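Participant: Have a look at this one.
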Amino acid sequence: MSCAAKSFQGFALENGAAGELKQLDSPFKAVRINALVYLPVEEVGILMFIGGEVPSVVSESNATYTSNSWNYAQVYDISAGKWFHHRTLDTVVQRRTELCAIVHHDASSTTC
C-alpha cells in the first residue's frame, strides 16, 4: 500500500445556500503544502492561494518539488469566476513550506 498523496487538479467550491458543488480550474499544476483562504469581500468573496510546492512530474512518483514563488499570490474572484495573478509587496524569504493561514474579521470594521 502506497502512502503517497494523490493530486487533485483544481478546486471544489460549495455553495451551501444553493446546494451546489462546482469544480474550479486552478491556474497551476498540482500543489502540496500551500494555503488557500476565503476572504469575505464584496458580495460573494474571493479565494487567495499562496505558497506550496509543485512536483516535477504529474504522477508525483519519484518527483522533486519546487517552491512556488512568494512574489505572487493567486486570487480567485468567485463572482467573476476568474483567477488573477497578483504581485505581492515586500521581500519574502523563499522556501517557506508547511504554512497555514487564517482570516479574522475585525468586528470594528465597517466593511464585510
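So for the sequence shown, my numbering puts the first residue at 1073; every next one is plus one.
Here a beta-carbon is modelled for each residue, glycine too, at the ideal position from N, C-alpha and C.
Since the structure is predicted, the reported quantities are computational estimates derived from the model, not experimental observations.
Can you grab the Cα-Cα spacing for the pair Q1013 / F1156, in whole Å?
Facilitator: Because the chain in this structure spans residues 1073 to 1184, residue 1013 falls outside the shown range and cannot be described.
Participant: DSSP on C1075, reduced to helix/strand/coil?
Facilitator: Residue 1075 sits at position 3 when you count from the first residue of the sequence shown. At C1075, the pLDDT of 38 sits below 50, so the modelled position is not reliable; the number obtained from the coordinates is stated separately. C1075: coil per DSSP, three-state reduction.
Participant: Of all the options L1096, L1085, V1103, which has the alpha carbon lying nearest to the alpha carbon of S1141?
Facilitator: Mapped onto the sequence shown, residue 1141 falls at position 69. Nearest option by C-alpha distance: V1103.
Participant: Applying the 10 Å Cβ sphere with the 16-neighbour rule, what's the burial state of G1091?
Facilitator: By one-based count along the sequence shown, residue 1091 stands at place 19. With fewer than 16 other Cβ atoms within 10 Å, it is exposed.
Participant: Could you give the residue range of the beta strand (DSSP E) that holds N1134?
Facilitator: What you label residue 1134 is simply residue 62 of the sequence shown in a count that begins at 1. Premise fails: N1134 is in no beta strand (DSSP E) and is neither H nor E.
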